[in-house]
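Asker: I have a structure I would like to understand better, so I am pasting it below and will then ask my questions one at a time.
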Amino acid sequence: MEGAETKGDGDGVRPWQSYHTVYTTAKAGMEGVDKEKVQRVVYEMSKGSKYFQNEERKDAYIKQKIDNLRIQCAKLTQADLSNYQKVADRRIVELEASRDLSRIWLHVDMDAFYAAVETLSNPTLKGKPMAVGGMSMISTANYEARKFGVRAAMPGFIARKLCPELIFVPTDFKKYNHYSDLTRKVFRRYDPNFIAGSLDEAYLDITEVCKEKNVKSEEIAEELRASVYEETGLTCSAGVAPNRLLAKVCSDINKPNGQYILPNDRMALMTFISSLPIRKIGGIGKVTEQILKGVFGINTCEQMLEKSSYLCALFSQSTAGLGLGQTDSPQVRFRKSISNERTFSATEDEVLLHKRLAELAEILSIDMQREGLCGRTLTLKLKTASFEVRTRAVTLQKYISSSEDILKHAQKLLKAELPISVRLIGLRVSQFNGDKCSATFDPTQKTITNFISSGDVNRNCCNSSDVVADHDFVSNTETGLSIDSRQTSQLDWRDSVDANHLSDVDYQSFTVWKNDGVEEEQTSSNGAPSSNYSGFAEVLGSTSFQEQYEGINVKNGTNFLADERLNSCCQEKTMLWLNDYKCSLCGIELPPNFVEERLEHSDFHLAEKLQNEESRIHRTPFPTQSEGQKDVITGQSKSKKQKLSQKEYSCFDSLENKLD
DNA sequence: GCGGATCAC
DNA sequence: TATGGTGATCCGC
1 MEGAETKGDG
11 DGVRPWQSYH
21 TVYTTAKAGM
31 EGVDKEKVQR
41 VVYEMSKGSK
51 YFQNEERKDA
61 YIKQKIDNLR
71 IQCAKLTQAD
81 LSNYQKVADR
91 RIVELEASRD
101 LSRIWLHVDM
111 DAFYAAVETL
121 SNPTLKGKPM
131 AVGGMSMIST
141 ANYEARKFGV
151 RAAMPGFIAR
161 KLCPELIFVP
171 TDFKKYNHYS
181 DLTRKVFRRY
191 DPNFIAGSLD
201 EAYLDITEVC
211 KEKNVKSEEI
221 AEELRASVYE
231 ETGLTCSAGV
241 APNRLLAKVC
251 SDINKPNGQY
261 ILPNDRMALM
271 TFISSLPIRK
281 IGGIGKVTEQ
291 ILKGVFGINT
301 CEQMLEKSSY
311 LCALFSQSTA
321 GLGLGQTDSP
331 QVRFRKSISN
341 ERTFSATEDE
351 VLLHKRLAEL
361 AEILSIDMQR
371 EGLCGRTLTL
381 KLKTASFEVR
391 TRAVTLQKYI
401 SSSEDILKHA
411 QKLLKAELPI
421 SVRLIGLRVS
431 QFNGDKCSAT
441 FDPTQKTITN
451 FISSGDVNRN
461 CCNSSDVVAD
471 HDFVSNTETG
481 LSIDSRQTSQ
491 LDWRDSVDAN
501 HLSDVDYQSF
511 TVWKNDGVEE
521 EQTSSNGAPS
531 SNYSGFAEVL
541 GSTSFQEQYE
551 GINVKNGTNF
561 LADERLNSCC
571 QEKTMLWLND
581 YKCSLCGIEL
591 PPNFVEERLE
601 HSDFHLAEKL
611 QNEESRIHRT
621 PFPTQSEGQK
631 DVITGQSKSK
641 KQKLSQKEYS
651 CFDSLENKLD
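Note that full-length UniProt numbering gives residue 359 to position 359 of the first sequence, counting from 1, and the numbers run on in steps of one.
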């Protein structure tokens, strides 16, 4: 690197240096790679393409964003910063206090999973650079290929340029599912309630196993990895830490075929987090990293702490967490939307586009009926020949699921965009209905859909009672949060988990949610399934509902997000700001200029008050909702808790959403 | 409720 | 020749 030349904006001596790809960021197996060369090749192969031009457009937009943030930053006065620093400090203290070091989590991550499985079924591939995928996209590359800079999500034709010997193997999910099942048999022995992240990842709570066997987590990790290898022939890596977020970070450290243990010790934790690059934290991606670096020069979590007052100032509720809290990751919930999309060679032929649209509508309808879903919002997605993405949506009075209905409305949406040259069309249905789709579904209609869906016309949401059951569930968790939904969800909720991504074993593993005592409380108090298993376990413990609620208040008092603002208008009067600074009800301090936070804070107290009233009425720690008020109450408590869980997932994750 | 954007796998 | 598909979430209207 020679200074001046390296900061070029594309017009310098080495234009490739300013082309931001995701392919050179530090990842397992990329250590010895000549990044400069990879960067250059990727740039050369991409330069001038429509894709490249779009990337440049997006990049310019991010640069603009960075500039704006810098300006805002410069406008902050010392007084502002001092106020924000107070808020930031308090949040840090609160999160510190809420940290739980009593659990031991293990994250397992299979090494180059698809590639490893393919090598297992074709040993001649051993030792040769190989990638699973095709010329347009690669899913996984083995470690031999990674030495050349070949990576997942890289187009195949670029990979071949980097590594002319590269062997391409098409994806075969049947195989991957099979081996995934084998690994999970092992996981289950260590934690019967393990949480499957994807085919090749899982989270295990090994606290009990360590106790029972009276061994260190390190030995459990070794033993588990040995078992996986023995029973599958595949290697994996493991990370052990007090929570899932950190466990996942740890499993990446000694990849492949290695492990890293982060002890449940405060100092060790702080040291570890301090030097951790922010990009390693789930939820911080390419863009957020770029912005934090560009605006504040932040690279590590420690630097986030140093800049906490600025982060609070610019991103409102943002960043107080800083990876210090209990946190936790994968949000496994019920499905909220169903979609499909296809890429093809760009065309503006309206007949062709219509044909594509009809095909998508057909497939989507089949998928929906297989899952017993009806929705009222339809979204059309288009990617233009220049890679610009557009979405157009309608929300209907009726709930739909038939291909005819979908196509009819999709066509209208598409028509409004014509003429247009597109390379991708997608359809998505959301806002699912629990109740009767019969209102819009005519069982007598003879559609291709009905025949294709395995001739099982009854297996749609209208005349199959078992499907109606989980239908109710989906609907109610989505909106109504009624008592019925809770009862249903306790029994059936896993049926509504996305079947496209999860195998049967996934369903199994997710029963943790309904079998766990915490989840019971969650569901009862929230009226919706928990979105965060361990986060809530750690925070809520086994306290009563009211205590839990106040606990959340203390920890999260200032962190309510803006989408409740609409409800806030008349609620300030439920409380007072003492000296225009301190909340009269809970004592939390919020400077007058924290307008949003104040509104949100008063929202919280209102919800709390309503909840208290409900508790009294029903004389039960987990109040059931009365018809009249349930929407308001559950709506409030639900949104608060979801935010809490998001907050805990990663203290950073809320940050990136504030960067616009 | 809509549309753009980001992220993870 | 050529840069994916599915689902979720958030923000600012």
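Glycine included, each C-beta is placed from N, C-alpha and C at the ideal position. On a predicted model such as this, the values are computed, not experimentally measured, just so you know.
(1) Is the segment 409-428 touching the segment 377-397, taking contact as three or more C-beta pairs under 8 angstroms?
(2) Could you work out which residue in 162, 148, 169 is closest to residue 139 when comparing CA atoms only?
(3) So does the segment 270-285 actually touch the segment 49-56, counting three or more Cβ pairs closer than 8 angstroms?
(4) If you draw a straight line from the C-alpha of residue 336 to the C-alpha of residue 183, how long is it?
(5) Throw me the rounded Cβ distance for the residue 666 and residue 225 pair, which I believe falls under 8 angstroms.
(6) Look at the alpha carbon of residue 116 and the alpha carbon of residue 161, and state the distance between them as a whole number of angstroms.
(7) Where does residue 403 sit, in a helix, a strand or coil, going by DSSP?
(8) Can you check whether the CB of residue 424 is closer than 9 angstroms to the CB of residue 409?
(9) Identify the residues that DSSP records as bridge partners of residue 236: which are they?
(10) Report all residues from its chain with a CB closer than 8 angstroms to the CB of residue 190; omit the five preceding and five following residues, and keep chain order.
(11) Ends of the beta strand (DSSP E) at residue 131?
(12) Under a three-way DSSP split, which group does residue 385 fall into?
(13) Given residue 148, which residues of its chain have a CB within under 6 angstroms of its CB, disregarding the five upstream and five downstream residues?
(14) Measure from the alpha carbon of residue 175 to the alpha carbon of each residue in 310, 291, 119, then state which is nearest.
(15) Taking the straight line between their C-alpha atoms, what separation do you get for residue 60 and residue 104?
(16) Can you confirm whether the segment 128-144 touches the segment 290-306 when touching is taken to mean that 3 or more C-beta pairs between the two stretches lie within less than 8 angstroms?
(17) Can you grab the Cα-Cα spacing for the pair residue 68 / residue 154, in whole Å?
(18) Between the segment 358-376 and the segment 32-44, can you find at least three pairs of beta-carbon atoms closer than 8 angstroms?
(19) For residue 343, report the span of its beta strand (DSSP E) as first-last.
(20) Does residue 220 come out as helix, strand or coil in the three-state DSSP assignment?
(21) Please give the ranges of any alpha helix (DSSP H) in the segment 144-219, keeping only runs that are unbroken, at least 4 residues long and fully inside the region.
(22) Give me the residue from 388, 62, 82 with the minimum Cα distance to residue 292.
(23) Residue 503 to residue 427, Cα distance in whole Å?
(24) Please list the terminal residues of the continuous beta strand (DSSP E) segment that includes residue 423.
(25) Just to confirm, is the Cβ distance from residue 262 to residue 238 under 9 angstroms?
(26) Please determine, among 351, 430, 309, the residue with the shortest C-alpha to C-alpha distance to residue 91.
(27) In or out: residue 231 buried (at least 16 other Cβ within 10 Å) or exposed?
(28) According to DSSP, simplified to helix, strand and coil, what is residue 286?
(29) Assuming residue 422 and residue 384 make a contact with CB atoms under 8 angstroms, what is their CB distance in whole Å?
(30) Indicate whether residue 97 and residue 143 have their beta-carbon atoms separated by less than 9 angstroms.
(31) Let me check understanding here. Comparing Cα to Cα, which of 158, 248, 270 lies closest to residue 670?
(32) Using the beta-carbon count (16 or more within 10 Å), is residue 127 buried or exposed?
(33) Among 172, 28, 15, 13, which one has its Cα closest to the Cα of residue 256?
(34) Around the Cβ of residue 93, are there at least 16 other Cβ atoms within 10 angstroms (buried) or fewer (exposed)?
(35) Thinking C-alpha only, which one of 23, 338, 15, 431 is nearest residue 151?
(36) If you compare alpha carbons, which of 34, 19, 141, 229 is closest to residue 45?
Answerer: Considering the structure as presented:
(1) yes
(2) 169
(3) no
(4) 29 angstroms
(5) Because the chain is modelled from 1 through 660, residue 666 falls outside the range shown and cannot be assessed.
(6) 23 angstroms
(7) helix
(8) no
(9) 110
(10) 106, 204, 206, 209, 220, 224
(11) 130-133
(12) coil
(13) 162, 163
(14) 119
(15) 44 angstroms
(16) no
(17) 32 angstroms
(18) no
(19) 337-347
(20) helix
(21) 156-162, 173-190, 207-213
(22) 62
(23) Unreliable placement is indicated for residue 503, whose pLDDT of 28 sits below 50; no coordinate value is reported for it.
(24) 422-432
(25) no
(26) 309
(27) exposed
(28) helix
(29) 6 angstroms
(30) no
(31) This structure cannot settle anything about residue 670, because the visible part of the chain is limited to 1 through 660.
(32) exposed
(33) 28
(34) exposed
(35) 23
(36) 19
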